[in-house]
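Respectively, the protein sequence lines represent chains A and B. Position one of the first sequence corresponds to residue 1 (the working numbering), numbered consecutively onward. Position one of the second sequence corresponds to residue 1 (the working numbering), numbered consecutively onward. Shown next, in structure tokens, is the structure this report addresses.
2 protein chains.
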Amino acid sequence: MQNKESIYSVNDLQLDNYNLLLNETLFHNANGYIGIRSAFEEGYPDGYESIRGQYINGFYDYSNMQQAEKLYGLAQEKQTMLNIADTQSIIIHLDDEIFSMFHGTVIASKRWVNMDKGVTGRYVRWRSPKGKELELTITRMTSFHQLTLFTITYEMKPLNFSGEIMIESNHDGNALNYVDVNDPRVAAEAFHYLTPISCELKKGASYITSSTSKSQCTVCSSVKNVLLQEHDRQFIIDNNNAICQMTTEGNQGGTIKLIKYAVFCDSIRYEDCRLQAGIELEKALATSLESLYKKQEDYLNEYWKNCDVIIDGDDELNLAIRYNLYQLIQSVGKDEYSNIAPKGLSGEGYEGHFFWDTEMYIEPFFTITNPSITRNLIHYRYSILEMARENAKIMGHSQGALYPWRTIMGKECSGYFPAGSAQYHINGDIAYSIIAYYLATKDIALLQEKGAEIIFETARLWIDTGNFYHGCFYINDVTGPDEYTCIVNNNYYTNLIAQYHLNWAVKIYNLLSNDENFNELIHKIDLKEEEIQTFQVAAKGMYLPYDPELKINPQDDSFLQKSKWDIETIPESNFPLLLHYHPLHLYRHQVCKQPDTIMAHFIIEDAQSNEVMRNSYEYYEKITTHDSSLSDCIFGIMAAKLGMEEKAFQYFCDSAHLDLLDRHKNTKHGIHTSNMGGNYMAIVYGFGGFRLKENGVCFAPMLPHKWRSYQFKVCYEDSRIIIIVEEENCYFKLEHGSAKKIYVYDKPFLLEDTVVVNRKINMKRKFSREI
Amino acid sequence: MQNKESIYSVNDLQLDNYNLLLNETLFHNANGYIGIRSAFEEGYPDGYESIRGQYINGFYDYSNMQQAEKLYGLAQEKQTMLNIADTQSIIIHLDDEIFSMFHGTVIASKRWVNMDKGVTGRYVRWRSPKGKELELTITRMTSFHQLTLFTITYEMKPLNFSGEIMIESNHDGNALNYVDVNDPRVAAEAFHYLTPISCELKKGASYITSSTSKSQCTVCSSVKNVLLQEHDRQFIIDNNNAICQMTTEGNQGGTIKLIKYAVFCDSIRYEDCRLQAGIELEKALATSLESLYKKQEDYLNEYWKNCDVIIDGDDELNLAIRYNLYQLIQSVGKDEYSNIAPKGLSGEGYEGHFFWDTEMYIEPFFTITNPSITRNLIHYRYSILEMARENAKIMGHSQGALYPWRTIMGKECSGYFPAGSAQYHINGDIAYSIIAYYLATKDIALLQEKGAEIIFETARLWIDTGNFYHGCFYINDVTGPDEYTCIVNNNYYTNLIAQYHLNWAVKIYNLLSNDENFNELIHKIDLKEEEIQTFQVAAKGMYLPYDPELKINPQDDSFLQKSKWDIETIPESNFPLLLHYHPLHLYRHQVCKQPDTIMAHFIIEDAQSNEVMRNSYEYYEKITTHDSSLSDCIFGIMAAKLGMEEKAFQYFCDSAHLDLLDRHKNTKHGIHTSNMGGNYMAIVYGFGGFRLKENGVCFAPMLPHKWRSYQFKVCYEDSRIIIIVEEENCYFKLEHGSAKKIYVYDKPFLLEDTVVVNRKINMKRKFSREI
């Protein structure tokens with residue numbers, strides 16, 4: 001079975017603001033280091049909005065974040081991912097006419113992304129007002145092989161004329177970040193973050209070096225235009241902008257080919273980013289374009305081999321899933337200086353900050369398909385551990401570390417702390433993801449070097465945050481995942497993940513205690529035996545809200561006291577609620593933005609009976625708006641777990657198409673990487689019933705009845721398992737590695753080559769037993 | 001018995017920043033309309049801080065209040081009381097020398113406030129660097145008789161020389177508001193709120209008219225200098241500043257007298273404030289200065305007759321109390337356009353906003369001494385009722401009115417809503433104060449015209465805010481008076497006052513239902529019979545947190561779960577805690593800024609047994625920092641009620657001297673009017689055991705053992721009662737009005753002329769019974 005759906009394309013582009021911005025996002029190029037939004041090379045006329053962005057993952061400046069009331073410890077400065085320099089501009093002059101989609105006649109127009117080749121493309125056939133016809137084929141790539149490199153291959157064919165063509169290729173350091181004063185989810189203030197240091201020409205390439213206003217970072221972008229036929233060339237250059245004008249002869253039916261190389265280097269990764277930009281540009285120019293394309297394809301070939309999901313019976317869905325997985329590898333940072341933002345590198349929503357999304361929605365995918373990427377992401381968290389310790393101090397804690405709710409370089413960037421810094425569960429989320437990585441890989445070295453330190457320091461914070469009272473351990477005044485109820489007491493999700501975290505802190509302490517280097521760590525962080533005991537006692541006494549009448553877990557202590565808000569009665573135009581209701585109004589109602597208790601039931605399923613999980617599901621589903629893109633996938637997974645196939649399928653489909661159909665009406669600000677990770681989970685954890693547990697990996701596959709079959713792969717320890725789910729049976733094949741014990745529908749099997757389990761009978765048995 | 005302590009003075013002024021700013025506040029002049037801080041007329045040298053303010057009560061401009069995260073409904077603009085124009089500058093030139101306290105030799109220096117005469121004074125004897133000795137006697141007054149008027153009588157006596165003296169008297173429209181970027185309790189941004197419209201001379205007076213930047217208000221100040229001896233005069237004038245230079249001949253031993261008249265008129269009160277300023281100035285000039293002084297004294301004579309408290313046995317304390325009561329009449333607005341701010345008109349702390357302080361700390365004083373002032377304050381609340389309805393809508397409510405937590409003209413100005421708009425108890429507080437006014441005056445007309453409408457509309461909000469669950473009525477996600485725990489569930493204070501409010505809404509409905517105009521109101525606000533029933537059911541089912549083990553009322557649902565924070569262990573320099581700890585850290589601990597449950601026990605004492613009140617007192621006292629100036633007085637009152645005389649006395653003394661001793665280290669930003677009202681309550685409600693109840697007025701006087709006796713007066717309905725408390729007996733005398741039923745130590749008496757009750761025996765009995 002081979003996945004053929006590797007090209008997503010849009011024909012007959014619509015040239016309105018909405019579609020232009022949407023396509024800038026959908027067809028952006030990124031490689032985890034740089035990201036370039038797909039604006040038209042030639043730009044749009046005045047009056048059209050564009051977010052003409054090019055970003056470096058983890059490259060930031062500080063900006064002021066004025067607090068209306070300046071209370072102690074509130075963040076007053078945030079980090080912002082910067083729009084570096086425009087290297088995508090190419091303007092075609094045909095005598096006194098300039099190519100534009102907005103005048104003359106667009107005869108044909110198409111854009112696509114090829115997910116096997118790792119390129120985006122654009123095709124235009126255009127007739128000028130004076131009747132000149134031109135065909136353009138443009139290919140863009142951000143190289144996975146050379147992360148600093150962005151290329152545009154720009155091919156022009158004069159169809160009904162010959163004559164002089166002037167190509168103007170810009171390199172503009174005056175890029176500004178995008179602003180929307182009305183949406184709290186993007187920046188509200190235009191600001192010149194980057195100050196030009198130099199703009200130079202060297203060996204026919206332009207170099208623009210700029211420094212940030214406050215973060216003391218510098219960045220250099222370099223552009224070289226290679227026009228593959230005879231031409232005149234001149235540069236117009238000022239202190240922050242270099243225009244390369246190339247004049248050449250167009251011949252009817254012939255093709256003019258320009259290759260525009262752009263490289264980006266920043267001072268966070270490179271000691272001398274100007275120097276490095278020169279090296280990187282030379283490196284790119286020394287490789288043939290074909291070879292660069294080939295390496296790109298090889299990289300993706302390997303990627304798909306690890307992670308591809310194949311559905312037999314729904315090509316469109318298959319394509320959507322592939323699109324989502326493609327965006328994940330485009331978005332995720334490839335070094336410890338960066339991570340993966342909710343919008344990846346495709347836009348400025350949430351200003352490029354990193355959240356818990358990484359650990360709870362995205363890492364699960366990488367952990368079982370490309371664990372080395374998860375390792376990077378853990379390295380990143382370790383790199384900011386010291387700042388998390390500082391953050392804990394700011395928040396009044398006498399010990400431990402508290403990870404910032406949103407950050408680029410480690411300092412908290414939450415403007416509104418009740419829906420930000422108060423989300424202490426991020427500590428548990430990070431610990432949970434390290435534990436999951438350990439369960440999947442048994443990579444004890446990472447625990448020894450970094451993971452254990454993170455887990456202990458963050459575990460300590462629970463002890464400092466919660467309180468023993470009448471024999472129970474209570475955690476007050478935190479916010480759970482659902483931001484429609486902030487600063488609550490005993491949030492079920494938080495308390496449950498804290499319990500899991502504390503229990504695992506004890507396990508890891510015992511696991512590592514024989515290691516000779518462990519003492520060093522214990523000494524470094526001054527961890528005492530009594531603390532480990534306290535972890536145990538607190539975990540044991542952890543108070544977990546439960547309502548015996550409804551037989552559900554209330555989201556927090558007072559949740560059930562609140563008014564229910566019939567979300568059916570809310571006008572469509574009032575969603576998402578956060579943009580239309582005062583926070584207190586939301587807090588005072590039983591209404592959820594996203595799964596909270598349901599998320600807890602998903603990630604720590606053994607803590608609760610299926611009956612309570614099912615009751616809770618039914619209870620919360622009615623009051624959840626799914627205003628967050630983190631919602632559908634989890635509801636889908638839990639529907640699958642609880643045997644609600646129709647529901648599971650519907651949620652899955654909604655999640656699969658979230659960006660391609662712009663279901664949240666904000667894809668213009670960037671893709672939703674967390675949903676993309678969640679969408680993968682909805683297949684593997686949802687339909688596949690996959691779980692990583694201490695005693696091994698578990699599966700309980702179901703098959704949506706619209707599909708004939710599906711398959712996915714899971715890396716587990718040294719092995720890779722292929723899972724094929726068909727109507728009658730499911731197959732587990734050991735692709736490589738040593739034999740593994742696996743659980744299928746709760747029964748253990750030793751997987752040496754292939755295990756076949758009758759799916760139909762087992763599924764029926766499973767749900768007839770449980771319901 | 002007559003109170004002799006009417007002058008508070010400071011000798012040998014200390015000329016450091018701290019004392020200069022403190023004295024600017026302590027010796028400010030105000031009359032409820034205008035307030036002028038007492039800077040030195042001649043100013044301070046560069047490098048000295050001054051808050052050289054002159055304010056009009058209720059005169060404001062809008063300023064931006066940027067929210068770090070712009071959530072729906074958050075206030076993004078606030079009102080700010082403006083610093084109008086400097087009219088207090090007078091500079092003395094002796095040839096080439098200029099009088100200043102900061103060079104030459106200050107031989108004597110003194111400032112005072114005379115609370116019988118209603119003036120402040122300043123005396124200086126000074127020797128210039130070149131040896132000229134000068135004696136200055138300066139008297140300032142803000143007239144109670146003519147509210148727009150401020151006068152300075154400036155007398156100079158050359159002691160050892162004769163010669164030319166040049167007096168420069170400024171009128172400067174360039175006044176700016178004060179800024180402190182580090183204190184959330186004052187403004188953080190300097191801004192030119194006022195733009196000059198005109199600066200003119202007319203009949204020897206200067207007129208500066210300015211308009212606000214956003215609120216579309218204008219203000220005119222006018223100054224006329226009357227120098228009572230031959231002199232040359234010239235004006236230097238620009239578009240926002242008028243300097244009057246008067247040159248005259250000084251004779252050794254003779255006195256030169258300048259009277260500087262300043263009037264302030266604003267467009268909120270006057271259609272044409274420039275015109276009105278002319279009229280007001282003419283009016284002042286047409287009255288002799290002696291006559292103005294006489295009217296001032298008459299006004300205060302009447303004031304003291306109504307409200308004076310006389311303590312026999314502690315003159316210093318007597319003076320402090322008088323000082324406090326004097327500030328209340330200086331600060332309180334005299335019309336419906338204004339109210340009383342926590343700093344009165346003495347400084348810019350809290351930007352001149354009005355809070356619940358008015359109703360719960362200050363009105364109780366006026367209600368029983370000058371009920372017409374309370375009536376004004378209720379008129380003010382009525383004038384912003386429509387905006388309170390708007391505010392309710394912004395906060396998501398479908399009915400009712402929610403008063404803004406802080407405001408000048410009616411719109412919410414809270415920057416941080418968890419400690420602002422979330423304090424829904426303000427609705428209950430306003431209702432409570434109207435009920436108290438009604439109980440004291442039986443002024444049913446005010447209820448009919450305004451009070452009932454406020455009470456019904458605010459009562460409705462409780463129904464829209466709370467929720468019936470399992471037969472109880474719960475109010476979630478509000479903040480009680482204690483801002484160290486925000487957004488809580490079932491705050492005892494809030495729920496109790498809501499219950500009281502709802503019960504009274506029903507009573508008032510029944511009380512007024514026979515009135516012929518009542519239907520009009522019912523129709524106007526569309527109040528339904530079923531709503532009244534719901535009020536009743538909600539009040540009856542109101543959930544009031546109670547802990548059967550500790551036998552206390554917990555502050556809210558989860559308060560007791562939280563860590564106790566031993567405030568003894570907190571370094572002195574870390575108070576007030578709000579300036580040194582992150583809000584979440586405060587919220588997560590059992591620590592209180594001020595009385596919350598204790599306040600509830602005070603205001604609605606019949607809802608709880610003395611035992612529970614005493615347990616609660618002991619519980620909360622240990623964890624209360626008294627970081628708020630609203631704290632000491634209430635703890636004092638409840639200590640008195642519960643028979644803890646020593647404690648009551650100590651709290652009372654702390655409260656009495658709060659500003660004079662600058663106990664909170666922020667009197668430079670203004671006096672603490674709420675504490676001043678609370679301090680009065682600590683005598684009358686505390687020591688006197690006074691309560692206003694439905695069946696009449698009650699007393700249970702105790703006598704601090706350091707005092708021989710004390711007396712106070714209470715207006716009740718058409719009568720005034722004098723209460724004299726001595727060691728053995730207490731006396732109740734009907735000063736005027738009809739006979740009244742009063743309760744003394746819970747026993748009823750008919751007060752026709754005098755009632756004498758044995759205090760000693762009754763007190764002993766009272767507490768032996770209860771303890």
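Just so you know, even glycine gets a beta-carbon here, dropped at the ideal spot from N, CA and C.
Pick from the options: whose alpha carbon is nearest that of residue i?
| i | options | result |
| --- | --- | --- |
| I362 (chain A) | A:N376, A:E351 and A:G349 | A:N376 |
| V124 (chain A) | A:L194, A:Q14 and A:K203 | A:Q14 |
| L385 (chain A) | A:G400, A:G396 and A:D308 | A:G400 |
| M65 (chain A) | A:T137, A:T80 and A:N57 | A:T80 |
| N762 (chain A) | A:L751, A:E752, A:D753 and A:Y743 | A:Y743 |
| D314 (chain A) | A:S709, A:L630, A:F27 and A:K524 | A:S709 |
| D556 (chain A) | A:N301, A:K564, A:Y546 and A:A682 | A:Y546 |
| K760 (chain A) | A:N324, A:V725, A:G737 and A:C273 | A:V725 |
| M638 (chain B) | B:T625, B:G688 and B:K668 | B:G688 |
| K69 (chain B) | A:A648, A:M360, A:F366 and A:E351 | At residue 69 (chain B) the sequence reads Glu, which differs from the Lys that was named. Here the closest residue by C-alpha is A:E351. |
| G696 (chain A) | A:V714, A:N574 and A:E531 | A:V714 |
At a CB-CB cut-off below 7 Å, which residues of chain A make contact with residue i?
| i | result |
| --- | --- |
| H582 (chain B) | Y72, G73, I394, M395 and G396 |
| D477 (chain B) | L584, Y587 and R588 |
| G415 (chain B) | A68 and E69 |
| N467 (chain B) | Q561, K562 and S563 |
| N489 (chain B) | S558 and Q561 |
Report, in whole angstroms, the separation of the C-beta atoms of residue i and residue j, which I expect to be a contact under 8 Å.
| i | j | result |
| --- | --- | --- |
| H296 (chain A) | S143 (chain A) | What sits at residue 296 (chain A) in the sequence shown is Gln, not His. Their Cβ separation, rounded to whole angstroms, is 6 Å, which keeps Q296 (chain A) and S143 (chain A) in contact under 8 Å. |
| L586 (chain B) | Y469 (chain B) | Wrong, their Cβ atoms sit about 28 Å apart, outside the cutoff. |
| K110 (chain A) | Y293 (chain A) | Actually they are not in contact, since the Cβ atoms of K110 (chain A) and Y293 (chain A) sit about 20 Å apart, beyond 8 Å. |
| K784 (chain B) | P404 (chain B) | Outside the shown range of chain B, which is 1 to 771, sits residue 784 (chain B), and nothing can be said about it. |
Just to make sure I have the definition right: I need the residues of chain B whose C-beta is within less than 8 Å of the C-beta of residue i. Which are they?
| i | result |
| --- | --- |
| M702 (chain A) | Within 8 Å Cβ-Cβ: nothing; M702 (chain A) doesn't reach chain B, min ~38 Å. |
For residue i, which of helix, strand or coil comes out of DSSP?
| i | result |
| --- | --- |
| R765 (chain B) | helix |
| K741 (chain B) | strand |
| Q66 (chain A) | coil |
| G35 (chain A) | strand |
| K641 (chain B) | helix |
Kindly say whether residue i, judged by its beta-carbon, lies nearer than 8 Å to any beta-carbon of chain B.
| i | result |
| --- | --- |
| D557 (chain A) | yes |
| M65 (chain A) | yes |
| P418 (chain A) | yes |
| Q79 (chain A) | no |
From the beta carbon of residue i, is the nearest beta carbon of chain A less than 8 Å away?
| i | result |
| --- | --- |
| Y299 (chain B) | no |
| L15 (chain B) | no |
Find the residues of chain A that neighbour residue i, judging by a C-beta separation of less than 8 Å, and give them in chain order.
| i | result |
| --- | --- |
| A422 (chain B) | L584 |
What residues from chain B crowd round residue i, counting only those whose CB sits closer than 7 Å?
| i | result |
| --- | --- |
| L461 (chain A) | In chain order: nothing, as chain B lies at least about 12 Å away. |
| A474 (chain A) | The sequence shown places Tyr at residue 474 (chain A), rather than the Ala named in the question. Neighbours of Y474 (chain A) on chain B, chain order: Q561. |
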